[in-house]
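Here the structure is laid out as structure tokens; the discussion comes afterwards.
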């Protein structure tokens, strides 16, 4: 099929003319009404400005202080201002425990890290209880604060400051003229806080009684612990603005709340007598190889404790003591008192009218009580003893025979009246109240044992106070250890002592005193306790003790209690030795000489004249 031939160009039809599109007019932005826009803008601006204005009013008008303080706290540091701890003194104002200025050394590790070794080399030789390695570890650790040493005395801190100043002067000289990057860093970053130290001016004297404080300044034992709330006072605080390095900004705002000093305590103790008693009981403990010993001296009329001496003891200034050292055996140790307890038994019997100085007893060598055989400390057949002879020879059998005349319930009441099984009222921390069998329906064996000092336990202060009641004409006076409280302004507030109470009649007390006078006579069990020129009343004690390891009787306690002058008593002195293992065991032999020496010292110091009374000729047998 043939293709159609193309038309010649000239014969082509002319193209149709293109229609021109109509152009739309430009779209115009429709503007709102100007007045509305203006009002909205002004409203928004007014709202924003009102927020700023309200904030300004709140900051400057309503509560400016709180916001200022909040801003300050962000760049402030609080420092505790320790209250001055009250001192502890004896009855004559001799200081037993006082507070001395000291500081705690702290560090900012962010500053000390580059120079930790140099600082440690300065600190380590001057500080106790730490090492160079420990100091370096603390000064290169994390954080901005750490303690390096506590209770550093001002002279030691002054030496440290002086050496740091010297070394920094040398470093500054070496750095002179060097580029910044080549200069050695200065020794900085050490700071101090007040950290008072408790000092004991006379060392170990009355240490277990006074007690100690810890690094936090709070009492840990003894009166320091028991009276901590009074002694401590109330710490204050200061808030200072600091710079980025933690340094106080000079003349910047700061607030200070002053501390309230603690209350001072004046004890009834006489330091001289206390020291003498401690040395004397130490000699006895060492001589007889005892585990420990105690001496108590009490003023008869007031009940004030003039000495409470224990051995072993410790020096609180040396900080080398154990928890066992911190106990006070005179109040915290209980034991069976032995024959010293016969003083109380005879006083109760005399008061109840069961015995008198004319009482005569037939005393066999042993007695059967509920199928238990009880003997005296020496072998003998039947003896004809007066009641004074029973006491003078310390007959267990004779005491049991006499005690069997009294109803058990009545006997138990007398024991509690004399303070046994009851707190002493001293409120001493850790004090034991001893042990008296509960109730008053005792078996006969219990009453028999208790009558001669076995089967009940006491502490040394309890036993002293009981004997003191006889010396005081039958009136029990609660023991007193704190004499006065002394406020920071010097105001003296007497400590209220417990109320005295009559436990036996004056006649009964006098009769028992006469019996006790026979004990220190030549035919008694303790002529070693006699004092030339003075009439002395006393009683020995030798008691079995339960061995805590076996739970059976296997140990001993020997003791002596007495008062002088017997016809006008001024002091009671009680001596007890625990577990003596050398020499002939006996309260008269081992405790009597200690009593004699301590009592003689007390009588001489307080100028108690002899009354001129002669040793009575008391019949012991009939």
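Residue numbers (this note's numbering): 2 to 623.
In this text, a Cβ means the ideal position worked out from N, Cα and C, and glycines have one as well.
With 16 as the cutoff for other CB atoms within 10 Å, does residue 452 come out buried or exposed? The residue given as residue 452 occupies position 451 in the chain shown. Label assigned to residue 452: buried.
Give me the residue from 123, 89, 603, 493 with the minimum Cα distance to residue 212. Position 211 of the chain shown, counted from the start, is the residue given in the question as residue 212. That would be 89, whose Cα lies nearest to the Cα of residue 212.
How far does the alpha helix (DSSP H) with residue 418 in it reach, from first residue to last? As a position in the chain shown, residue 418 is number 417, starting the count at 1. 409-418 is the extent of the alpha helix (DSSP H) around residue 418.
Please report how far the alpha carbon of residue 175 lies from the alpha carbon of residue 169, in whole angstroms. Residue mapping note: residue 175 aligns to position 174 of the chain shown, counting from 1. Residue mapping note: residue 169 aligns to position 168 of the chain shown, counting from 1. When rounded, the distance between both Cα atoms is 10 Å.
Check whether the stretch 467-484 touches the stretch 279-295, taking contact to mean three or more Cβ pairs, one atom from each stretch, closer than 8 Å. Of all C-beta pairs linking the stretch 467-484 to the stretch 279-295, fewer than three are shorter than 8 Å, placing the two stretches out of contact.
Cutoff 6 Å; reference residue 95; Cβ partners in own chain excluding five residues on either side: Taking the first residue of the chain shown as 1, we reach residue 95 at position 94. For residue 95, where only same-chain residues beyond five positions count, the Cβ hits under 6 Å are 272.
With distance defined between alpha-carbon atoms, name the residue in 430, 504, 478, 276 nearest to residue 497. For the purposes of this step, residue 497 is taken as residue 496 along the chain shown, with counting starting at 1. For the residues 430, 504, 478, 276, the minimum Cα distance to residue 497 belongs to 478.
Take the Cβ of residue 148 as the centre, count every other Cβ of all protein chains shown within 10 Å, and call the residue buried at 16 or more, exposed below. Sequence index remark: in the chain shown, residue 148 carries index 147 (1-based). With fewer than 16 other Cβ atoms within 10 Å, it is exposed.
What would DSSP say about residue 539, mapped onto helix, strand or coil? Start at 1 with the first residue of the chain shown, and residue 539 comes out as number 538. DSSP places residue 539 in the strand class (E or B) of the three-state scheme.
What do you reckon, are the CB atoms on residue 298 and residue 573 nearer than 9 Å? Working through the chain shown from its first residue, we reach residue 298 at position 297. Working through the chain shown from its first residue, we reach residue 573 at position 572. Inclusion of residue 298 and residue 573 in the CB contact set at 9 Å is warranted, their separation being smaller than that value.
Between the CA atoms of residue 172 and residue 187 - distance to the nearest angstrom: Position 186 of the chain shown, counted from the start, is the residue given in the question as residue 187. Position 171 of the chain shown, counted from the start, is the residue given in the question as residue 172. In this structure, the alpha-carbon of residue 187 lies about 7 Å from that of residue 172.
Note down, in chain order, each residue of its chain lying with its Cβ closer than 6 Å to the Cβ of residue 79, except the 5 sequence neighbours on either side. As a working mapping, residue 79 is identified with position 78 in the chain shown. If you ignore the 5 residues before and after residue 79, its C-beta comes within less than 6 Å of the C-beta of 238, 240, all in its own chain and listed in chain order.
Measuring alpha carbon to alpha carbon, tell me which of 394, 268, 370 ends up nearest residue 446. The residue labelled residue 446 in the question sits at position 445 within the chain shown. The option with the nearest alpha carbon to residue 446 is 370.
Between which two residues does the alpha helix (DSSP H) holding residue 155 run? Numbered from 1 along the chain shown, position 154 holds the residue referred to as residue 155. Where residue 155 is concerned, the enclosing alpha helix (DSSP H) stretches over 155-176.
Please look up how many angstroms separate the CB atoms of residue 210 and residue 329, rounded, as I've assumed it's under 8 Å. For the purposes of this step, residue 210 is taken as residue 209 along the chain shown, with counting starting at 1. For the purposes of this step, residue 329 is taken as residue 328 along the chain shown, with counting starting at 1. Confirmed, about 6 Å.
Own chain residues within Cβ distance below 7 Å of residue 512, not counting five before or after: Walking along the chain shown from the start, residue 512 turns up at place 511. Cβ neighbours of residue 512 beyond the five flanking positions: 351, 357, 358.
Nearest to residue 530 (by Cα), restricted to the options 397, 152, 613, 594: As a first step, residue 530 must be located in the chain shown, where it is residue number 529. Cα-wise, what sits closest to residue 530 is 594.
CB of residue 101 within 9 Å of CB of residue 141, strictly: The residue you call residue 101 lines up with position 100 of the chain shown. The residue you call residue 141 lines up with position 140 of the chain shown. Against a cut-off of 9 Å, the Cβ pair of residue 141 and residue 101 comes out as no contact.
CA-CA distance, residue 569 and residue 611? Counting from 1 along the chain shown, the entry for residue 569 is found at position 568. Counting from 1 along the chain shown, the entry for residue 611 is found at position 610. Across the structure, residue 569 and residue 611 are spaced so that their CA atoms are roughly 10 Å apart.
Which residues in the same chain as residue 436 place their Cβ atom closer than 8 Å to its Cβ, once the five residues preceding and following it in sequence are excluded? By one-based count along the chain shown, residue 436 stands at place 435. Around residue 436: 335, 422, 457, 458.
I think residue 540 touches residue 392, with their Cβ atoms under 8 Å apart; what is that distance to the nearest whole Å? Residue numbering aside, residue 540 sits at position 539 when the chain shown is read from its first letter. Residue numbering aside, residue 392 sits at position 391 when the chain shown is read from its first letter. Between residue 540 and residue 392 a beta carbon distance of about 7 Å is seen, short of the 8 Å cut, so the two are scored as contacting.
For the beta strand (DSSP E) that residue 484 lies in, which residues bound it at each end? As a working mapping, residue 484 is identified with position 483 in the chain shown. Counting along the chain, residue 484 sits inside the beta strand (DSSP E) bounded by residues 483-487.
When the Cα atoms are used, what is the spatial distance from residue 348 to residue 538? Here residue 348 refers to the residue found at position 347 when the chain shown is read from its first residue. Here residue 538 refers to the residue found at position 537 when the chain shown is read from its first residue. Near 14 Å, if we compare the C-alpha coordinates of residue 538 and residue 348.
Take every Cβ of the stretch 577-589, pair it with every Cβ of the stretch 540-556, and state whether three or more of those distances are shorter than 8 Å. Contact annotation: the stretch 577-589 touches the stretch 540-556, with at least three C-beta pairs closer than 8 Å.
So what's residue 606 in DSSP terms, helix, strand or just coil? Along the chain shown, read from residue 1 onward, the residue named residue 606 stands at position 605. Three-state DSSP puts residue 606 in a helix.
Alpha carbon of residue 279 to alpha carbon of residue 156, nearest angstrom: Residue mapping note: residue 279 aligns to position 278 of the chain shown, counting from 1. Residue mapping note: residue 156 aligns to position 155 of the chain shown, counting from 1. Looking at the two C-alpha atoms, the distance is approximately 33 Å.
Assign residue 206 to one of three DSSP states: helix, strand, or coil. Position 205 of the chain shown, counted from the first residue, corresponds to residue 206. Looking at residue 206 - three-state DSSP - the assignment turns out to be coil, as it is neither helix nor strand.
My understanding is that residue 234 touches residue 84, with C-beta atoms under 8 Å, so please give their C-beta distance in whole angstroms. Residue 234 sits at position 233 when you count from the first residue of the chain shown. Residue 84 sits at position 83 when you count from the first residue of the chain shown. Going by Cβ atoms, the distance from residue 234 to residue 84 rounds to 3 Å, so yes, they are a contact pair.
Are three or more beta carbon pairs between the stretch 101-112 and the stretch 193-211 nearer than 8 Å? The stretch 101-112 vs the stretch 193-211: in contact.
What residue range does the alpha helix (DSSP H) around residue 199 cover? Here residue 199 refers to the residue found at position 198 of the chain shown. For residue 199, there is no enclosing alpha helix (DSSP H); the enclosing beta strand (DSSP E) covers residues 198-200.
Count the other C-beta atoms from every protein chain shown that fall within 10 angstroms of the C-beta of residue 535, then say buried if there are 16 or more, exposed otherwise. To locate residue 535, count along the chain shown from 1; it is residue 534. Buried is the call here.
Between which residues of its own chain and residue 3 is the CB-CB distance below 7 Å, once the five residues before and five after are set aside? On the chain shown, position 2 is the one that residue 3 refers to. With a pLDDT of only 48 at residue 3, under the threshold of 50, the placement of this residue in the model should not be trusted; the figure read from the coordinates follows. Within the same chain, and ignoring the five residues on either side of residue 3 in sequence, no residue has its Cβ closer than 7 Å to its Cβ.
For residue 597, three-class secondary structure by DSSP: In the chain shown, counting from the first residue as 1, residue 597 sits at position 596. In the three-state DSSP reduction, residue 597 falls in the helix class (H, G or I).
Proximity below 9 Å, CB of residue 563 to CB of residue 304: Residue mapping note: residue 563 aligns to position 562 of the chain shown, counting from 1. Residue mapping note: residue 304 aligns to position 303 of the chain shown, counting from 1. Cβ atoms of residue 563 and residue 304: not closer than 9 Å.
Check the C-beta distance from residue 355 over to residue 385 and give it rounded, since I have them as a contact under 8 Å. For the purposes of this step, residue 355 is identified with residue 354 of the chain shown, where counting begins at 1. For the purposes of this step, residue 385 is identified with residue 384 of the chain shown, where counting begins at 1. Contact doesn't hold; Cβ gap of about 19 Å is too wide.
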